[in-house]
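Working notes, beginning with the structure itself.
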Amino acid sequence: MSASRVRIRVLDIVVFLVALLVIGLISLQTYARGRGSPEITISGGAQGTTQGTGQGGGQDAVQEAEQQWIYPLDTETTVRVPGPLGETVVEIADGTVRVVSSPCPEKICIKTGRISKPGQWIACLPNRVFISIRGRRSEQPDAISQ
Amino acid sequence: MRSANSPDRTSPGNSSPGSSSRPGGLPGSRPPRLHRLVALAAAICLFLASIEYVIPKPLPFLRIGLANLPLLLALDLFPVSHFFLLLGIKILGQSLIQGSLFSFAFLLSLGGSLASGVVMLAARRALKGSTSLIGIAILGAMASNLVQLTLARYLVFGRSVWMIAPAFLLVGLISSSILGYLAQAYKQRSTWLPKVFPQLSEQAASPPGSS
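The listed protein sequences correspond, in order, to chains A and B.
Take the first sequence: its position 10, counting from 1, is numbered 9 in numbering that gives the first Met the number 0, and each next residue is one higher.
Take the second sequence: its position 60, counting from 1, is numbered 59 in numbering that gives the first Met the number 0, and each next residue is one higher.
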């Protein structure tokens, strides 16, 4: 039984450092994304109806395949999001997002108007569409510090 | 290729009478046949997997990977076919122990383990001797974790998987370094291994033993 020291080679250390570098790059890429230009997340596309079966209470939470669309805020596009009631049309233009048309009865989502800052959101509950802007909040003071 | 008792260059055979009569080894320590060693290594794998299963995990992804210890040692000991046989047993057995055999976690485990097996084997053959098992273990862990993250991203969780990627990879790096160190230390100091695998003792004789 020899108590010889465990032989660590130079290449072991190289491998370790390279792995560390890769992790660093990945984390930089991951966490820098939140710091870059804000992005818009639109979730919707659920096909289930909003009305439940009445029994069991939780039944109406069952949804079919909700989808997500993610766009950078500086794109110019129009997205048609399918929902249980029909299509909600979302317009992204000039760094703002708004709902152009919606099949819902109250049109609250349209009345919300344009949003442009991280943290803001538009929701259309009847048609199950949720639009939010994610990203680092701007340096402006928030409601509490004002 | 996969037949368990194909005659191999690594097959210890019965050609080393000198080592067979040494005291202190396993009872009747005639070098066992290769497929028995695979079974033994697999048993150790599953034993370690059960130990690891008992250890609480703060997050489901943060695993130590104890069960990969025999795999690391098997890299040098078994021919490719037997190595993958051991890997397959380990994948199946470990998911059986963890109860994840028919869940998506099994797919992650399968993908990750296969990737790490291929990478470790390729790296060991390519870098023959210029890294210790530590480097090999790190490469294997990185391969396994990256494949698992990719699978998880496309199969289950979507883009948000990358939010935990750095922590996941970092834990893998640290635990694989420790495991690699343990494997290397065992390989250097074991008195049992050279007895079972006579070709190892020739290798170990050439570097300074410094006993």
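Even for Gly, the Cβ is constructed at its ideal location relative to N, Cα and C.
Q: Keeping to the same chain, check which residues put their C-beta closer than 6 Å to that of A122(A); ignore five residues upstream and five downstream.
A: Take A122(A), set aside five residues on each side of it, and the residues of its chain with a beta-carbon closer than 6 Å to its own are F129, in chain order.
Margin query: I believe A48(B) touches Q93(B) by the beta-carbon criterion, under 8 Å. Please report the beta-carbon distance rounded to the nearest angstrom.
Written below: Indeed, because the Cβ distance is near 4 Å, the residues count as touching under 8 Å.
For the region 90 to 119 of chain B, list every residue whose C-beta sits within 7 Å of some C-beta in chain A, in sequence order.
Answer set for the region 90 to 119 of chain B: empty.
- request: Report yes if the C-beta distance between S131(B) and V5(A) is below 9 Å; otherwise report no.
  value: The criterion of a C-beta distance shorter than 9 Å is satisfied by S131(B) and V5(A).
W120(A) bridges to which residues according to DSSP?
BP columns for W120(A) point to S131(A).
Cα-Cα separation, G51(A) to L124(A): In this predicted model, G51(A) has a pLDDT of only 43, less than 50, meaning its place in the structure is not dependable enough to derive any value.
_Cβ-based burial, I41(A) [other Cβ within 10 Å; buried from 16]_ = Classification for I41(A): buried.
Please check if any C-beta of chain B sits within less than 9 Å of the C-beta of S26(A).
True, the Cβ-Cβ gap to chain B drops below 9 Å.
Exercise. Out of I114(A), G82(A), V78(A) and K106(A), which has the shortest C-alpha to C-alpha gap to I94(A)?
Worked result: Here residue 94(A) turns out to be Gly, not Ile, going by the sequence shown. That would be I114(A), whose Cα lies nearest to the Cα of G94(A).
Can you give me the C-alpha to C-alpha distance between E65(A) and A45(A), rounded to a whole angstrom?
Rounded to the nearest whole angstrom, the C-alpha separation of E65(A) and A45(A) is 5 Å.
Handout entry: Proximity winner among F167(B), I133(B) and R32(B), relative to I177(B) (alpha-carbon distances)
Key = Shortest Cα-Cα distance from I177(B) to any of F167(B), I133(B) and R32(B) involves I133(B).
Report task. Measure the C-alpha to C-alpha separation of P78(B) and R62(B) and round it to an integer number of angstroms. Result -> Rounded to whole angstroms, P78(B) to R62(B) spans 28 Å at the Cα level.
- Answer yes or no: do E105(A) and P71(A) have a C-beta to C-beta separation smaller than 9 Å? No, Cβ-Cβ distance for E105(A) and P71(A) is not below 9 Å.
Query raised in the report: How about S20(B): is its C-beta nearer than 9 Å to some C-beta of chain A?
Result: For S20(B), the predicted model reports a pLDDT of 42, less than 50, meaning its position is unreliable; a value from the coordinates is still stated below. No Cβ of chain A is located within less than 9 Å of the beta carbon of S20(B).
Who does I41(A) pair with in a DSSP beta bridge?
-> DSSP lists W68(A) and I130(A) as partners of I41(A).
9 Å Cβ cutoff, L84(A) in contact with chain B: It does not: the Cβ of L84(A) has no partner Cβ on chain B nearer than 9 Å.
Beta bridge counterpart(s) of V80(A) as assigned by DSSP:
Answer by DSSP bridge pairing, in chain order: T87(A).
Problem set entry | Interfacial residues, the region 121 to 134 of chain B to chain A, with Cβ spacing under 7 Å | Shown in chain order are the members of the region 121 to 134 of chain B whose Cβ falls below 7 Å from a Cβ of chain A: L126, S129, T130, S131, I133 and G134.
* Nearest-angstrom Cα distance between A38(B) and F46(B)? -> Rounded to whole angstroms, the gap between the alpha carbons of A38(B) and F46(B) is 12 Å.
**OP:** Determine the closest residue to T74(A) out of V89(A), R127(A) and C108(A), with distance taken between C-alpha atoms.
**Re:** Ranking the options by Cα distance to T74(A), first place goes to V89(A).
* Asked: Near P22(B), which residues of its chain fall below 7 Å by C-beta distance, leaving aside the five closest residues on each side in sequence?
  -> Any answer about P22(B) is weak, because its pLDDT of 46 lies below 50 and its placement is not dependable; what the coordinates show is given next. Counting only Cβ-Cβ distances below 7 Å, and skipping sequence neighbours, we find nothing.
| request: Please compile the residues from chain A whose C-beta is within a distance smaller than 8 Å of the C-beta of S176(B). | output: Those are F15, listed as they occur along chain A.
* **Interfacial residues, the region 170 to 194 of chain B to chain C, with Cβ spacing under 7 Å** => Judged by its chain identifiers, the structure shown contains no chain C, and its protein chains are A and B.
Check your understanding: Taking only beta-carbon atoms, is P214(B) less than 9 Å away from chain A?
Key -> Coverage of chain B is limited to positions 0 through 210, which leaves residue 214(B) absent and any answer about it impossible.
>> With a threshold of 9 Å between beta-carbons, can L151(B) be considered close to chain A, or not?
In response: Looking at the sequence shown, residue 151(B) is not Leu but Ala. With 9 Å as the cut-off, A151(B) does not count as an interface residue toward chain A.
Looking only at DSSP bridge pairs, what is V98(A) linked to? Beta-bridge pairing links V98(A) to V89(A).
Taking its Cβ as the centre, do 16 or more other Cβ atoms sit within 10 Å of G112(A), making it buried, or is it exposed?
Its Cβ having fewer than 16 others within 10 Å, G112(A) is exposed.
Rounded to whole angstroms, what is the Cα-Cα separation between K89(B) and A66(B)? Spanning the alpha carbons of K89(B) and A66(B) requires a straight line of approximately 8 Å.
Just confirm the distance between the C-beta atoms of G82(A) and R127(A), as a whole number of angstroms; I'd bet it's less than 8 Å.
That pair is a contact at about 5 Å.
Going straight from the alpha carbon of L150(B) to that of F105(B), what length do you get?
Straight-line Cα distance between these residues: approximately 11 Å.
Practice prompt. Can you give me, in chain order, the residues of the region 89 to 112 of chain A that have a beta carbon less than 9 Å from any beta carbon in chain B?
Written response: Along the region 89 to 112 of chain A, none of the residues has a CB nearer than 9 Å to a CB of chain B.
Under 7 Å Cβ-Cβ, which residues of chain A neighbour A164(B)? Ordered by position in chain A, the residues that pass the 7 Å Cβ test against A164(B) are I25 and T29.
### Query
I7(A) touches chain B at which residues, Cβ-Cβ below 7 Å?
What I7(A) touches in chain B: S131 and I133.
Which residues in chain A have a C-beta closer than 8 Å to the C-beta of I88(B)? List them in chain order.
By Cβ distance, chain A contributes nothing, its closest Cβ being about 27 Å from I88(B), past 8 Å.
| message | Less than 9 Å between CB atoms is the rule here; does L76(B) satisfy it with respect to chain A? | response | Taking Cβ atoms only, chain A never reaches closer than 9 Å to L76(B), which makes this a no.
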